[in-house]
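Numbers 1 to 127, taken from my numbering, label the letters of the sequence shown in order.
Every residue, glycine too, gets a C-beta built ideally from N, C-alpha and C.
Since the model is a prediction, treat every value here as computed from it, not as a measurement.
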Amino acid sequence: MPAADRSQVAVTAAAADLLRELAAEHGPLMFHQSGGCCDGSAPMCYPAGEFLTSAADHLVGALAVDGLAPVEVWMARDQYAYWSHTHLTIDVVPGRGSGFSLEAPTGRRFLVRSRLLTDEEARALGR
Numbered sequence: 001m002p003a004a005d006r007s008q009v010a011v012t013a014a015a016a017d018l019l020r021e022l023a024a025e026h027g028p029l030m031f032h033q034s035g036g037c038c039d040g041s042a043p044m045c046y047p048a049g050e051f052l053t054s055a056a057d058h059l060v061g062a063l064a065v066d067g068l069a070p071v072e073v074w075m076a077r078d079q080y081a082y083w084s085h086t087h088l089t090i091d092v093v094p095g096r097g098s099g100f101s102l103e104a105p106t107g108r109r110f111l112v113r114s115r116l117l118t119d120e121e122a123r124a125l126g127r
């Protein structure tokens, strides 16, 4: 399996378009998958490095979007323990998100769609 296929994260075309718009205004980007509470388990988009990650966070992967630097996707390690068997796709839908995610003023919001990893994907990821 090619290295590009060994990722637990992907992005839809619509979300990639919004990321390009946001990057044009804010520069390189990153995501932190929220664990709930105020922002409702949404993938939160920030300028790269603005959300400070630590040893308590896990780098799930990086989104490859044409014309952009890789967009890292992070989540808390304890939350990742529950999501480690899933593949995440960042998508976008109409509506206003909450919190400090960069897309909040655009009338669109990011969301994550998940599915179980296939056996082949799990093996490629060393699971």
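Endpoints, alpha helix (DSSP H) assigned at residue i
i, result
"residue 79", "77-83"
Beta-carbon gap between residue i and residue j smaller than 8 angstroms
i, j, result
"residue 83", "residue 32", "no"
"residue 106", "residue 12", "no"
"residue 19", "residue 71", "yes"
"residue 15", "residue 110", "yes"
"residue 130", "residue 93", "In the structure as shown, the chain starts at 1 and stops at 127, and residue 130 therefore has no counterpart that could be examined."
"residue 46", "residue 60", "no"
"residue 63", "residue 85", "no"
"residue 10", "residue 28", "no"
"residue 115", "residue 87", "yes"
"residue 77", "residue 91", "no"
"residue 22", "residue 120", "no"
Coil, strand or helix - residue i by DSSP
i, result
"residue 69", "coil"
"residue 106", "helix"
"residue 20", "helix"
Bounding residues of the beta strand (DSSP E) (the contiguous stretch that carries residue i)
i, result
"residue 29", "29-33"
"residue 62", "57-63"
"residue 48", "Unbroken run through residue 48: none, as it is neither H nor E."
"residue 117", "No beta strand (DSSP E) holds residue 117; DSSP gives it neither H nor E."
"residue 89", "86-94"
Residue i burial status per 10 Å Cβ neighbour count (16 or more: buried)
i, result
"residue 126", "exposed"
"residue 34", "buried"
"residue 67", "exposed"
"residue 95", "exposed"
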